[in-house]
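Participant: One structure follows; several queries about it will come next.
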Amino acid sequence: MLLLTDIQKKQFSDKTGAESDLLRFLKEHEDQSILKVELQPKPESLNSLNGFVTYASGERYFFKTHTEENEKVSEYYNAEELAKAGYPVITSKQITQKVGKQIVLYQIITYPTLFDLLKIEEDKGFAEGSASTSGSVEGSTSRATKDVLLGGQIALDKLVYEIYSKNLSTATAEEHAKAPIHQLFSHRLAEDGRVGLFYRNKILNLESTSIPFEELSKMRWTINGAEYSQSLNDLIAHSRDILSPTKTSIIPTKTPVVPGHGDAHNGNIFVDLENSKFYMFDPAFAGKHHPLLDLTKPLFHNVFARWMYYPDQVLQEFNLEFNIRDNSINIEHDFKPSQLRLAHLKTRVENVLRPTVALLKNDGGLDDSWRSFVRSALFCCPFLTVNLLSDYVANGTLSERYKPAVKLLGLAMAVELGATAHKGSNFLTDIIDEALA
566 MLLLTDIQKK QFSDKTGAES DLLRFLKEHE DQSILKVELQ PKPESLNSLN
616 GFVTYASGER YFFKTHTEEN EKVSEYYNAE ELAKAGYPVI TSKQITQKVG
666 KQIVLYQIIT YPTLFDLLKI EEDKGFAEGS ASTSGSVEGS TSRATKDVLL
716 GGQIALDKLV YEIYSKNLST ATAEEHAKAP IHQLFSHRLA EDGRVGLFYR
766 NKILNLESTS IPFEELSKMR WTINGAEYSQ SLNDLIAHSR DILSPTKTSI
816 IPTKTPVVPG HGDAHNGNIF VDLENSKFYM FDPAFAGKHH PLLDLTKPLF
866 HNVFARWMYY PDQVLQEFNL EFNIRDNSIN IEHDFKPSQL RLAHLKTRVE
916 NVLRPTVALL KNDGGLDDSW RSFVRSALFC CPFLTVNLLS DYVANGTLSE
966 RYKPAVKLLG LAMAVELGAT AHKGSNFLTD IIDEALA
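Just add 565 to the spot in the sequence shown (first one is 1) and you have the working numbering.
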């Protein structure tokens, strides 16, 4: 039986074979008149397929589908909810909503994504020698383009908060538990979700040594001088508890909710450069859910995840050393987001996160554990978006192209983001502490 999850993985190593498999899948589950499939394997397609389909009539459409192991959500793509709330969302032509067979068709979209545009600007600066992963992207890089991108981000962030403030309401625990966004967090944390599939009974191969996850998960971490008291097992258990849909309630039966995209990272934002406008796309996890959960994916992926999407390139941009002694692992590395990324983080924090926290507080809906809630959600991003224990395979899936230094960087980042207590500080810890102040 053909599964979209298998085709998604195959697209990176055998694009032609994946296209053939997807064509058979679409003919069986969508429309016999589909004649051709053209896949676009992209770095940001960590859990999705996208490309073009051509029908016998000659009509050609852009398509996208989300894939997930042990998928539990039956209703994705609540785009109407977003449009009604005022989000600048691109609407679809057709949606198929079946568990494991979510397919969305769009008219051909020619706008570039914010993901691609920021990467281009960042790389220009690196190539000119005027930026490093800890420096600013300046030089002859297109100031006009950067200004358009940052200006568009500020405008979008202000609009997102405006929509939050106008539409804040409450939902019962039962209602909130049905929100599609939980597929990205609590569902992945389950033993039959990605925690079990990616990590249980697996081994971290570091070339010089190997560590069973059972041992790794109990270790204490020191990262760039900061000591963290929580192990991966501790973080998993805590995140399961606090991110459980029934635990997000401020009072026993009510949870603050807003209409939100749920996965509004830069790969899901199209940019009209000529008119300086941003458009949301692929609202697979749209719905009414906790606003702080809605903010999480863009907070991480837009700023800290360059290593996740471009592991081979980033491997040349940073240094990492580690040593393991007794039940502890010590890591020293010099990976940092560029100033371009940090500028986009600043507007998201100032124009969405902090106003939203104030909104929830004034409305009586801010729980004392909100910082821990956000940290646990952030923990899920590096830890459960990709498999950091996959064995290295040249030209394999994205997870299979992570060499030891990148794997350790991802694991270290998961600890830094998720830990609620630490002794000492480092660059990332300081950034998150300041954002959640």
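Every residue, glycine too, gets a C-beta built ideally from N, C-alpha and C.
1) When the distance is taken between beta carbons, is ALA650 closer than 8 Å to PRO863?
2) Can you tell me where the alpha helix (DSSP H) with VAL971 in it begins and where it stops?
3) Is the distance from the Cβ of LEU976 to the Cβ of LEU953 below 8 Å?
4) Assign THR994 to one of three DSSP states: helix, strand, or coil.
5) Quick one: measure Cβ to Cβ for ASP586 and ILE572, integer angstroms, because I've assumed they're closer than 8 Å.
6) DSSP state of LEU714, grouped into three classes?
7) Express the C-alpha separation of ALA979 and ASP995 in angstroms, rounding to a whole number.
8) Rounded to whole angstroms, what is the Cα-Cα separation between ALA984 and LYS783?
9) Assuming THR774 and ASN895 make a contact with CB atoms under 8 Å, what is their CB distance in whole Å?
10) Where do the ends of the alpha helix (DSSP H) carrying ASP571 lie?
11) Put SER705 into one of helix, strand or coil per three-state DSSP.
12) What do you reckon, are the CB atoms on LEU670 and LEU614 nearer than 8 Å?
13) Using the C-alpha atoms, what's the distance from PHE691 back to SER701?
14) For SER705, count the other beta carbons within 10 Å of its own beta carbon; 16 or more makes it buried, fewer makes it exposed. Which is it?
15) Take GLN605 as the anchor and find which of ALA583, ARG589, LEU591 and LEU943 has the nearest alpha-carbon.
16) Would DSSP call ALA692 helix, strand or coil?
17) Flag this pair as yes or no: are the beta carbons of LEU974 and GLU687 separated by less than 8 Å?
18) For LEU943 versus PHE865, is the C-beta distance shorter than 8 Å?
19) Taking the alpha-carbon positions, what's the LEU800 to VAL868 distance?
20) Between GLN672 and TYR620, what straight-line distance do the alpha-carbon atoms span, to the nearest angstrom?
21) Using 8 Å as the cut-off, can you tell me whether the region 840-850 makes contact with the region 708-722, which would need three or more C-beta pairs spanning the two stretches below that distance?
22) Between the C-alpha atoms of GLU792 and ALA1000, what's the straight-line distance to the nearest angstrom?
23) When we look at the beta-carbon of ILE997 and count the other beta-carbons within 10 Å, is it buried (16 or more) or exposed?
24) Which word fits ILE807, buried or exposed, when buried means at least 16 other C-beta atoms lie within 10 angstroms of its C-beta?
25) Taking only the alpha-carbon atoms, compute the straight-line gap between LEU910 and LYS592 and give it to the nearest angstrom.
26) If you run the structure through DSSP and keep just helix, strand and coil, what is ASN798?
27) With a 10 Å radius around its C-beta and 16 neighbouring C-beta atoms as the bar for buried, classify PRO856 as buried or exposed.
28) Just to confirm my understanding: we take VAL914, look at its own chain, exclude 5 residues before and 5 after, and list those with CB closer than 7 Å. What are they?
29) Let me make sure I understand the geometry here. Which of GLN881, GLN597, LYS580 and SER730 has the alpha-carbon closest to that of ALA923?
30) Buried or exposed: PRO777, going by 16 or more other Cβ atoms within 10 Å of its Cβ?
31) Looking at C-alpha atoms only, which residue of PHE900, LEU724 and TYR676 is the closest neighbour of TRP872?
32) In its own chain, which residues sit with a C-beta less than 6 Å from the C-beta of LEU771, not counting the 5 before and 5 after it?
33) Compare the Cα-Cα distances from GLU886 to each of HIS752, LEU880, HIS898 and LEU838 and report the closest residue.
Facilitator: In terms of the structure at hand:
1) Their beta carbons are not under 8 Å apart, which means PRO863 does not touch ALA650 by this criterion.
2) From DSSP, the alpha helix (DSSP H) with VAL971 extends over 969-983.
3) Contact: yes.
4) THR994 falls in the helix class under three-state DSSP.
5) Between the beta-carbon of ASP586 and that of ILE572 there is about 5 Å, and that keeps the pair under the 8 Å contact cut.
6) The DSSP-derived three-state label of LEU714 is helix.
7) Approximately 15 Å, taken between the alpha carbons.
8) Between the alpha carbons of ALA984 and LYS783 lies a distance of about 14 Å.
9) Contact between THR774 and ASN895 is absent: CB atoms are separated by about 14 Å, not below the 8 Å threshold.
10) Note, ASP571: alpha helix (DSSP H), 569-575.
11) Note that SER705 has pLDDT 41, beneath the 50 cutoff, so the model's placement of it is unreliable and the number below is only indicative. It is coil, neither helix nor strand.
12) Against a cut-off of 8 Å, the Cβ pair of LEU614 and LEU670 comes out as no contact.
13) Model confidence at SER701 stands at a pLDDT of 41, short of 50, so the residue's coordinates are unreliable; what they give is reported in the following sentence. Between SER701 and PHE691, the C-alpha separation is close to 9 Å.
14) At SER705, the pLDDT of 41 sits below 50, so the modelled position is not reliable; the number obtained from the coordinates is stated separately. By the 16-neighbour rule on beta-carbons within 10 angstroms, SER705 is exposed.
15) Closest option to GLN605, Cα to Cα, is ALA583.
16) Of the three classes helix, strand and coil, the one that applies to ALA692 here is helix, per DSSP.
17) Result no, Cβ atoms of LEU974 and GLU687 do not sit closer than 8 Å.
18) For LEU943 and PHE865, yes; Cβs fall inside 8 Å.
19) Computed Cα separation, rounded: 22 Å.
20) If you draw a straight line from the Cα of GLN672 to the Cα of TYR620, it is about 13 Å long.
21) They touch, by the three-pair rule.
22) Answer to the nearest angstrom: the Cα atoms are 20 Å apart.
23) By the C-beta density criterion, ILE997 is buried, having at least 16 other C-beta atoms within 10 angstroms.
24) Buried.
25) Cα to Cα, the separation comes out at about 43 Å.
26) If DSSP states are grouped into helix, strand and coil, ASN798 belongs with the helices.
27) By the neighbour-count definition (other C-beta atoms within 10 Å, threshold 16), PRO856 is a buried residue.
28) The answer, listed in chain order, is ALA1000.
29) When each option's Cα is compared against that of ALA923, the closest is SER730.
30) So PRO777 counts as exposed.
31) Of the residues PHE900, LEU724 and TYR676, the one whose Cα lies closest to the Cα of TRP872 is PHE900.
32) Here LEU771 has PRO969 as same chain residues with Cβ atoms under 6 Å from its own Cβ, once five neighbours each way along the sequence are excluded.
33) Of the candidates HIS752, LEU880, HIS898 and LEU838, the one whose C-alpha sits nearest the C-alpha of GLU886 is HIS898.
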